[in-house]
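If you're matching them up, the sequences are chains D and L in order. Those letters in the first sequence? Residues 9 to 557, by the numbering used here. Those letters in the second sequence? Residues 7 to 192, by the numbering used here. Built from N, CA and C at the ideal position, the CB exists for glycine as well. These numbers were taken from a predicted model, which means no experiment stands behind them. Accompanying notes for the structure given below.
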Amino acid sequence: MSDVPIAPGLIEGTAAHPALQSRRLEWVTTVDHKRIGLMYLFATLIFFVVGGLEALLMRLQLAWPGNTFLSPDAYNQVFTMHGTTMIFLVVVPLLLGLANYFTPLMIGARDMALPRLNAFSFWVFVFGGILLYLSFLSGHAPDAGWFSYTPLSGKAFSTRSGVDYWALSLLGIGAGTIATAINLIVTIVNLRTNGMTFRRLPLFVWMVFVNSFLIIAALPALNASLAMLLIDRQLNAHFFNELGGGDPVLWQHYFWSFGHPEVYIMVLPAFGIISEVVPVFSRKPIFGYGFVAASTVAIALLSLGVWAHHMFVVGLGHPWDYTFGASSLLIAVPTGVKIFNWIATMWGGSIRLTTSMLFALAFLFSFTIGGLTGVTFAAFPLDWQTTDSYYVVAHMHYVLFGGTLFAVMAGIYYWFPKMSGRMLSESWGRLHFWLMFVGFHLTFFVQHILGLDGMPRRVYTYPDRPGWAVMNMISTIGAFVLGLSVVVLLANIAGSLRSGPIAGDNPWNAWTLEWATTSPPPEHNFDLVPPVRGRRPLWDLAHPERSQV
Amino acid sequence: MRRFDTAKLAVAVFIASEAVFFAFLIIAYIYYSGATVTGPNAANSLDPARTLVFTVCLLASSGTMWMAERRLASAQATAFRVWLGATILLGTAFMAGQALEYAGLISRTVVPERNLFAATFFTLTGFHGFHVVCGLVALIALFIMAFVRSFGRSEISGVAAISMYWHFVDAVWIFIFSLIYLTVWL
């Protein structure tokens, strides 16, 4: 046997100093969930910077009334690309990346159940993103908005190929997202370590699990709609074309029966992050574990029945308006339950105000505002007044940025030591936090007022009405503060990767299984998975005499 | 703790997502079924009797697939290959029927741009046909594997997973056939 040559790297430990070339190839060919997770985070960071620059272009154009920095045509492309990028290339894959990295670790598994399918999902997402941006090379990016309403997105009104790029790229990304959801469900059902029952599952994993079912229920609706839109555009069919007997409102029904669950797909894993971070930095177990998990299931089910609240101005008729108004009001209940759970977790705890915890608190504050403005839309007479105004823009950014993105930041500061082996700088972290928190509220708070005063969204400029110039300038300044905060984050990551303090296995003294292995974990994750006898295995391990079992 | 077969569980979840996808295409067909006033429609363009023959082929292929699985379970390698080969032939016959039907329709310029019947018909049956082709590719891969290696545990669960998918594609066709063709005879 000894004279049989073995390729370096084939046997563990023999690839001590692989050439750079093969190390790059290793990343391309990897099926390791941690590497795929890191590549998700890296790719979404790039798309986040691109989408952020698009936002800054918009805010420059809107800085003062009558500005001519961007043409109307360019503005339409930029807001479409900003929305599509942030939703499909940043928020969803960012959460999937974190789920990819941490789900197997938190349940004590070696990898995802279907590692090659996992790599497929990631690369489909990357190439889908590239395909979307290739539209610029074709001369014209998509410009019909992130929900591409028909008939505007039909052949008659969008004559160039931007919408085709949009639909094809989302079709690919959608297939990849479904594959990841399948993978996560199978992983969580099949690969939990002994003792890790569903009643002991970390809440992040619970949310990822429920979220995956929501993806299975919602994403196919998008794929079916995109297929029909492409058939309209490429084969001249009339699904959504009124002149041929088609119905543009069907597009709205179909798109939003994906689009509203999508909102929760973008926020449930973020709830999961908060449910991990808040207890650890309050030094208390989560308050009402069962309620947090069960309310997630309630949100997921309700979210499938609220889509038409995006369509109150279509004129569906009062029975529809009342039904969807009521279901939308109802969904605020399980969401509110969670807010109380997190607050009660902090109550009486010895709170450690790390950067991660600061972001978790900022999440609670900002998401609650976004949630409350969301409730106002459920009252459809109010929706008739505020729809398509900056009030909507403010609302959704409070939910998606002040909600999901702040939670992701809490997660990044919490898990960066595990992923890299080094701590992020807390002083840079604080600078990043305050710039981002202040920048965010500067940018978006005034948009509530602008919207209530009637400023329409998706229009490249606005008249000089009393107060509008000042408020828009405040919003633009806030956007640049946000941009600066992202630079500080990037600097913090770059600096800490090189010279941050060594993290050790469990720098936060946390309780879930990912902290039981080295930072970063070895390729096989665990040498030995600790026994799981409760919801906080590492706490049980450290306090055998006070174990809650 | 109870564990499920990974391949079968994954395909079961995949089938759930596919069911949602087809549900949306079927709803679109129903939604627009009253909208077509002039031009081609199911009654004046389709031949339900002929399609029924090919439908029987597809349904029979579910039976042969079931037989193949049973033979595999009792380790009868040759019988497994025969039933698997029969499944592939029946599936191919169904696709040939669809190709024939499409060729006839297109030669009479019944194409998606004609009207909403044509658009919804081609979209629904086209996506179903695409799924049958995907299933055939998987079955042919299994068929080749059946000659080059012996089937162990992981192969057997792979066969079970592909079989689930194949039955699902058949079940979808029962819906589509009842909705589009049987209603012509009502």
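Which residues in the same chain have their Cβ closer than 6 Å to the Cβ of residue i, if we skip the five residues on either side of it in sequence?
i	result
Arg200 of chain D	Ile115
Asp11 of chain D	Confidence at Asp11 of chain D is low in this model, with a pLDDT of 40, below 50, so the placement of that residue is unreliable and no value is reported for it.
Thr384 of chain D	Leu390
Val175 of chain L	His137, Val138 and Gly141
Ala278 of chain D	Thr412 and Ala415
Ile180 of chain L	none
Phe388 of chain D	Phe320, Asp329 and Gly333
Asn121 of chain L	Thr42 and Gly45
Thr126 of chain L	Ala34, Tyr35 and Tyr38
His532 of chain D	Arg118
Ile19 of chain D	Below a pLDDT of 50, predicted positions are generally treated as unreliable, and Ile19 of chain D, at 42, falls in that range; no measurement from the model is reported.
Gly358 of chain D	It should be noted that the sequence gives Ser, not Gly, for residue 358 of chain D. Within the same chain, Ser358 of chain D has close Cβ partners Arg291.
Gly144 of chain L	First, the amino acid is wrong: residue 144 of chain L is Ala here, not Gly. If we look at Ala144 of chain L and ignore the five residues flanking it on each side, its Cβ neighbours are Ile168.
Ala15 of chain D	Reliability of the predicted coordinates at Ala15 of chain D is poor, the pLDDT of 41 falling under 50, and the value obtained from them is presented with this limitation in mind. So no residue of the chain qualifies.
What does DSSP give as the partner residue(s) for residue i in the beta ladder?
i	result
Ile510 of chain D	D:Arg430
Ser80 of chain L	BP columns for Ser80 of chain L are empty, so no partner.
Ser161 of chain D	Looking at the DSSP assignment, Ser161 of chain D forms no beta bridge with any residue, so it has no partner.
Pro5 of chain D	The question about residue 5 of chain D has no answer, for chain D in this structure spans 9 to 557.
I'd like the list of long-range same chain contacts for residue i, defined as Cβ closer than 7 Å, with 5 residues on each side in sequence excluded.
i	result
Val98 of chain D	Thr52, Phe55, Phe56 and Gly59
Phe130 of chain D	Ile44, Met47 and Tyr48
Ala92 of chain L	Thr70
Leu443 of chain D	Val489, Leu492, Ser493 and Val496
Arg208 of chain D	Val540, Gly542 and Arg543
Gly203 of chain D	Pro539, Val540 and Arg541
Ala18 of chain L	Met170
Leu65 of chain D	Leu78 and Val86
Phe10 of chain L	none
Ile146 of chain L	Ile94
Can you give me the Cβ contacts of residue i inside the same chain, cut-off strictly under 8 Å, excluding the 5 residues immediately before and after it?
i	result
Met9 of chain D	For Met9 of chain D, the predicted model reports a pLDDT of 33, less than 50, meaning its position is unreliable; a value from the coordinates is still stated below. Hits under 8 Å: none found.
Pro13 of chain D	Per-residue confidence for Pro13 of chain D stands at a pLDDT of 41, beneath the threshold of 50, marking its modelled position as unreliable; the derived number appears in the next sentence. Result list for Pro13 of chain D: empty, nothing under 8 Å.
Cβ of residue i versus every heavy atom of the ligand PLP: is any distance shorter than 8 Å?
i	result
Tyr108 of chain L	Of ligands this structure carries none, so the ligand PLP is not represented either.
Could you please give the first and the last residue of the uninterrupted alpha helix (DSSP H) stretch that includes residue i?
i	result
Thr12 of chain L	Thr12 to Tyr38
Asn84 of chain D	Pro80 to Thr92
Asn231 of chain D	Leu211 to Leu243
Tyr262 of chain D	Pro256 to Ile273
Glu284 of chain D	Leu276 to Ser290
Gly59 of chain D	His41 to Gln69
Phe144 of chain D	Phe144 of chain D -> no alpha helix (DSSP H), and no H or E assigned at all.
Arg159 of chain L	Arg159 to Phe183
Ser560 of chain D	The question about residue 560 of chain D has no answer here: the residues shown for chain D are numbered 9 through 557.
Val139 of chain L	Leu122 to Val154
Ile339 of chain D	His326 to Met354
Gly298 of chain D	Tyr297 to Ser311
Pro100 of chain D	Reading off the sequence, residue 100 of chain D comes out as Val, not Pro. First-last of the alpha helix (DSSP H) with Val100 of chain D: Val100 to Met114.
Which residues in chain L have a C-beta closer than 7 Å to the C-beta of residue i? List them in chain order.
i	result
Tyr262 of chain D	Phe30
Val197 of chain D	Phe10 and Leu15
Asn84 of chain D	Near Asn84 of chain D there are no residues of chain L at all, since even the closest Cβ is about 28 Å away, more than 7 Å.
Ile186 of chain D	Ser23
Met236 of chain D	Ala34 and Thr129
Can you list the residues of chain L that residue i reaches, using a CB-CB cut of under 8 Å?
i	result
Val39 of chain D	Near Val39 of chain D there are no residues of chain L at all, since even the closest Cβ is about 15 Å away, more than 8 Å.
Leu122 of chain D	Thr12 and Ala16
Leu258 of chain D	Ala34 and Tyr37
Interface residues of chain D around residue i at Cβ under 8 Å?
i	result
Asn121 of chain L	His246, Gly252 and Gly253
Pro46 of chain L	Neighbours of Pro46 of chain L on chain D: none; closest Cβ ~13 Å, over 8 Å.
Pro118 of chain L	Ile239, Leu243, Asn244 and Ala245
Thr131 of chain L	Chain D residues near Thr131 of chain L: none, gap ~13 Å exceeds 8 Å.
Give me the chain L residues within the contact set of residue i, using Cβ-Cβ distance strictly less than 9 Å, ordered along the chain.
i	result
Leu142 of chain D	Under the 9 Å cutoff, chain L gives no residues; its nearest Cβ is about 25 Å from Leu142 of chain D.
Could you work out which residues of chain D lie near residue i, taking near to mean beta carbons separated by less than 7 Å?
i	result
Ala22 of chain L	Ile224
Phe27 of chain L	Pro228, Asn231 and Ala232
Ala125 of chain L	Ile239, Ala245, His246 and Phe247
Validate contact between the region 137-148 of chain D and the region 166-183 of chain D using beta carbons, cut 8 Å, 3 pairs:
yes
Taking 8 Å as the threshold, find out whether the region 424-438 of chain D comes into contact with the region 465-473 of chain D through three or more Cβ pairs.
no
Is the region 303-315 of chain D in contact with the region 411-419 of chain D, if contact means three or more CB pairs nearer than 8 Å?
no
Using 8 Å as the threshold, is the region 130-139 of chain L in touch with the region 25-32 of chain L, meaning 3 or more CB pairs across them?
yes
Using 8 Å as the cut-off, can you tell me whether the region 536-551 of chain D makes contact with the region 101-111 of chain D, which would need three or more C-beta pairs spanning the two stretches below that distance?
no
Decide if the region 152-171 of chain D is in contact with the region 215-232 of chain D; the criterion is three or more beta carbon pairs, one per stretch, under 8 Å apart.
no
Are three or more beta carbon pairs between the region 452-462 of chain D and the region 396-407 of chain D nearer than 8 Å?
yes
When the Cβ atoms of the region 233-249 of chain D are set against those of the region 162-171 of chain D, are three or more pairs found closer than 8 Å?
yes
Would you check if the region 447-454 of chain D and the region 472-483 of chain D touch, i.e. whether three or more CB-CB distances between them fall below 8 Å?
yes
For the structure I just gave you, are there three or more beta carbon pairs, one from the region 89-104 of chain L and one from the region 51-65 of chain L, closer than 8 Å?
yes
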